[in-house]
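Visitor:
Number of protein chains: 2
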Amino acid sequence: MWPDQRLCDLFRVEHPIIQAPMMGSCTPELAGAVSNAGGLGSLGCGEKPATTIRAEAAAIRARTNRSFNLNFFIIQQEKTDPRVLEAARKRLQPWYDDLGLGDPPSELPPPGRGFDEERLEVVLSVRPRVVSFHFGHPEASHVEAMKAAGIVLVSSATSVAEARVLEAAGMDAVIAQGWEAGGHRGSHKPTAPGDGVGTMALVPQIVDAVSVPVIAAGGIGDGRGIAAAMALGASGVQMGTAFLSCPEAATEPARRERLRQATDRDTMVTDAFSGRSARAMRSRYAEEMERAREALPPFPQMYALSGPIRNAAGDSEASFFLYGQAAALSKEMAAGDLVARLVKEAREVMGYLSRR
Amino acid sequence: MWPDQRLCDLFRVEHPIIQAPMMGSCTPELAGAVSNAGGLGSLGCGEKPATTIRAEAAAIRARTNRSFNLNFFIIQQEKTDPRVLEAARKRLQPWYDDLGLGDPPSELPPPGRGFDEERLEVVLSVRPRVVSFHFGHPEASHVEAMKAAGIVLVSSATSVAEARVLEAAGMDAVIAQGWEAGGHRGSHKPTAPGDGVGTMALVPQIVDAVSVPVIAAGGIGDGRGIAAAMALGASGVQMGTAFLSCPEAATEPARRERLRQATDRDTMVTDAFSGRSARAMRSRYAEEMERAREALPPFPQMYALSGPIRNAAGDSEASFFLYGQAAALSKEMAAGDLVARLVKEAREVMGYLSRR
Chain A
361 MWPDQRLCDL FRVEHPIIQA PMMGSCTPEL AGAVSNAGGL GSLGCGEKPA
411 TTIRAEAAAI RARTNRSFNL NFFIIQQEKT DPRVLEAARK RLQPWYDDLG
461 LGDPPSELPP PGRGFDEERL EVVLSVRPRV VSFHFGHPEA SHVEAMKAAG
511 IVLVSSATSV AEARVLEAAG MDAVIAQGWE AGGHRGSHKP TAPGDGVGTM
561 ALVPQIVDAV SVPVIAAGGI GDGRGIAAAM ALGASGVQMG TAFLSCPEAA
611 TEPARRERLR QATDRDTMVT DAFSGRSARA MRSRYAEEME RAREALPPFP
661 QMYALSGPIR NAAGDSEASF FLYGQAAALS KEMAAGDLVA RLVKEAREVM
711 GYLSRR
Chain B
361 MWPDQRLCDL FRVEHPIIQA PMMGSCTPEL AGAVSNAGGL GSLGCGEKPA
411 TTIRAEAAAI RARTNRSFNL NFFIIQQEKT DPRVLEAARK RLQPWYDDLG
461 LGDPPSELPP PGRGFDEERL EVVLSVRPRV VSFHFGHPEA SHVEAMKAAG
511 IVLVSSATSV AEARVLEAAG MDAVIAQGWE AGGHRGSHKP TAPGDGVGTM
561 ALVPQIVDAV SVPVIAAGGI GDGRGIAAAM ALGASGVQMG TAFLSCPEAA
611 TEPARRERLR QATDRDTMVT DAFSGRSARA MRSRYAEEME RAREALPPFP
661 QMYALSGPIR NAAGDSEASF FLYGQAAALS KEMAAGDLVA RLVKEAREVM
711 GYLSRR
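Now the structure itself:
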């Protein structure tokens, strides 16, 4: 039992610990192991084709009969301003030149499609217990259809105002994503890289602002962070970085090596890779781009310009290694063992606090 | 009693709650009230003349016979590069023009003197129970002299590396100052405004790195934050913004009004006022200066350039109102009542967490 059982009841899980749906790093193996251990396993669906999502959901179901979560992006159908594209190409030309890549692409792929009718159909046929969103919430008719199918809906807020919007849009729980979190910031509109509220300040203010359960995310690396989140009034936690070192994760070997040596100051927030602010390992590319900021193509179109650099340059030069500020707390262990350890640690801390 | 009594024993206080030494906002009345309520009252000494410090310390002693804290800046004797000064003057000229201020000053005041022999002498004669530092630590002979006099020494770290440096320099406790904190970031070297570790991530990593007691700071606005800090392994907390709304604080009426309406996203980190990164209310001036960053004169010399703008422009244009990301959690009440309330709230949360 936990001090606040609301999230466990909502998700039908034993422990209010969500494995974050990290695109590119999470796998059906990871999600299945977390769910089997009593947490909520998640799968990032991003721009994956419907067939892939169905196959991966089936792979989770082959591993567990417990609740799991599918995550989708909410993407504005925003085209890149031609002047912004030209300026960004000019700005990146020295990187392309140094790496012998020729010219940056003069045309960008179409904007991401986000959560559309086809995605809704996949969700309604797969029927996961939980569906979560990043960068906002789906349109009202989609929300209604999913809720009618008994699916629990969750999305991320990086501010009190966004949390209020999500509750009003019908989300059953809100993730309070603090500044410390690795990966893309879930802000509903693009924000400047320095513009983030820390988890310690964000969680209680969101708890005060909404009546749905709040899930704390950002900087939570072990049981101490879980207990702290609950002290702040959160009903549960979402942890991403902590699961990156699990054998079941699809984390690149180079990133695993970085995580082994991680420090608190390893990362920075930048939109210079994808067009939206994300916390990733410091690199010369990101630092150069942030030192003198200019408008860039929107997410995810900016990837088309940064991708060649990322692929051609060395790891410390321009890698987009996403992880958070508590990476140094990570343990390398099987995901199921990690969940059990986190639960034990959190309970020990909660017992310690009641000592007078 | 508290789960961890180490800080209470060290400071000889009942509650491990430090009122932050906010230069310009703290008063002997505030420090005395906090100390009388069982916390640790503090006085920011900054560049105040020795006679002022002695008089204010006497004013605290007239109010309480309990422990209190005097805080000093550690300032590098760094002169402004003439090219940096010229570029900064050019950059600020439009602001000076718009406000009818003539030209920005062409000469800056001498660098701040920080903690020198005269300051040491003041400290040794006043003999407060605690002396804390910001921006680093004093030189070894000064540390030795103060410790020999039975004074407890504390300083702020914004990273694990800085915490290790402080412990090695003989500090008896380390403040882990997170990204959320209002006011100047205590980083030992100037850092870029986006470069901060959130309290949730910073505290446990510093707790793991040093053996002295750790004091959590940043984003702690009420008893939930205190309990959360202790869950993360902190032995106590330092709270600043929470005390700004107390009648005993010297907070400007305009800032009090802002604090009444504060939200989580009110503030930003900028070095455009003082030359060092500080969290303050968003303003057009700070946002313009951050959008395209350039080198500025070092702390505190930059004040000489920004001061006229600050004084001439309207509040939302260029005010340097320092407060943190949890300002919305503030209550307007007497400081002694606030300490009692914080203690009660923290204990309720700790009791709640032990509920299974």
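Protein chains in written order, with the working numbering: chain A, 361 to 716; chain B, 361 to 716. Built from N, CA and C at the ideal position, the CB exists for glycine as well.
1) Less than 6 Å between C-beta atoms, sequence neighbours within five positions excluded: which residues of the same chain meet that for A/Arg426?
2) Using a C-beta cutoff of 8 Å, does A/Pro573 count as contacting chain B?
3) What does A/Gln565 reach in chain B if we use C-beta pairs closer than 9 Å?
4) So, with DSSP's three-state summary, where would you put B/Phe633?
5) A/Gln621 by DSSP, collapsed to three states: which one?
6) What's the gap between the Cα of B/Met662 and the Cα of A/Ala652?
7) In or out: B/Thr559 buried (at least 16 other Cβ within 10 Å) or exposed?
8) Whose CA, out of B/Met361, B/Gly460, B/Thr387 and B/Glu416, lies closest to the CA of B/Ala673?
9) Considering A/Glu430, what are the terminal residues of the beta strand (DSSP E) in which it resides?
10) For B/Phe680, which of helix, strand or coil comes out of DSSP?
11) Starting from B/Met560, trace the alpha helix (DSSP H) in both directions and tell me its first and last residue.
12) Give a yes or no on whether the minimum CB-CB distance between B/Glu540 and chain A is below 8 Å.
13) Is the CB of A/Val629 under 8 Å away from at least one CB in chain B?
14) Compute the distance between the beta-carbons of B/Ile413 and B/Pro498, then report whether it is under 8 Å.
15) Under 8 Å by Cβ, that's how I've got A/Ser595 and A/Ser492 pegged, so tell me the actual separation to the nearest angstrom.
16) What are the residues of the region 589 to 623 of chain B that lie near chain A, defined by any Cβ-Cβ distance shorter than 8 Å?
17) Compare the C-alpha of B/Gly472 against each of B/Ala622, B/Val520, B/Phe432 and B/Ala602 and name the closest.
18) Tell me, which residues are paired with A/Phe493 by DSSP?
19) By the criterion of Cβ-Cβ separation under 7 Å, what are the contact partners of B/Tyr712 in chain A?
20) What's the gap between the Cα of A/Met590 and the Cα of B/Gly579?
21) Return the chain-ordered ranges of every alpha helix (DSSP H) run that is complete within the region 451 to 511 of chain B and spans a minimum of 4 residues.
22) Is the CB-CB distance between A/Ala536 and A/Ala523 below 8 Å?
23) Three or more beta-carbon pairs under 8 Å between the region 636 to 648 of chain A and the region 507 to 526 of chain B, yes or no?
24) What are the boundary residues of the alpha helix (DSSP H) that includes B/Gly599?
25) Could you have a look at B/Ser643 and say whether DSSP puts it in helix, strand or coil?
26) Is B/Asn396 near the ligand MG, with its Cβ less than 7 Å from a heavy atom?
27) Based on the DSSP output, what are the partners of A/Val574 in its beta bridges?
28) Can you tell me which residues form a DSSP beta bridge with A/Thr627?
29) Cα separation between A/Glu719 and B/Leu452?
30) Establish whether the CB of B/Val709 and some CB of chain A are separated by less than 8 Å.
31) I want to verify the contact list: residues of chain A whose CB lies under 8 Å from the CB of B/Gly578, in sequence order.
32) Could you work out which residues of chain B lie near A/Gly554, taking near to mean beta carbons separated by less than 8 Å?
33) Check whether the Cβ of A/Ser515 lies closer than 8 Å to any Cβ atom in chain B.
34) Would A/Gly543 and A/Phe495 qualify as a contact pair, given that the criterion is a beta-carbon distance under 8 Å?
35) Ignore the nearest five residues each way along the sequence and tell me which others in A/Ser634's own chain have a CB closer than 8 Å to its CB.
36) Identify which residue in A/Glu407, A/Val534, A/Ala422 and A/Val514 has its Cα closest to the Cα of A/Val482.
Guide: Reading from the atomic positions:
1) Ser395
2) no
3) Contact annotation for A/Gln565 against chain B: Gly581, Thr623, Asp624, Gln685, Ala686, Ala688 and Leu689 [CB-CB distance below 9 Å, chain order].
4) coil
5) coil
6) 20 Å
7) buried
8) B/Gly460
9) Contrary to the premise, residue 430 of chain A reads as Leu rather than Glu in this sequence. Here the beta strand (DSSP E) through A/Leu430 covers Phe428 to Phe433.
10) coil
11) Thr559 to Ala569
12) yes
13) yes
14) no
15) Not a contact, Cβ separation roughly 15 Å.
16) Ala589, Met590, Ala591, Leu592, Gly593 and Thr623
17) With distances taken between Cα atoms, B/Gly472 lies closest to B/Phe432.
18) Per DSSP, A/Phe432 and A/Ser515.
19) Pro363
20) Between the C-alpha atoms of A/Met590 and B/Gly579 there is a straight-line separation of about 15 Å.
21) 477 to 486 and 500 to 508
22) In this structure, A/Ala523 lies closer than 8 Å to A/Ala536 by Cβ.
23) no
24) For the record, residue 599 of chain B in the displayed sequence is Met; it is not Gly. From DSSP, B/Met599 is part of no alpha helix (DSSP H) but of the beta strand (DSSP E) over Gly596 to Met599.
25) coil
26) For the ligand MG, the structure offers nothing, since it holds no ligand at all.
27) A/Val534
28) Answer by DSSP bridge pairing, in chain order: A/Met641.
29) The question about residue 719 of chain A has no answer here: the residues shown for chain A are numbered 361 through 716.
30) yes
31) Gly558, Met560 and Ala561
32) Identification of chain B residues near A/Gly554 by a Cβ-Cβ cut-off of 8 Å yields Pro553, Gly554, Met628, Val629 and Glu650, ordered along the chain.
33) no
34) no
35) His544, Phe659, Pro660, Met662, Tyr663, Ser666 and Phe680
36) A/Glu407
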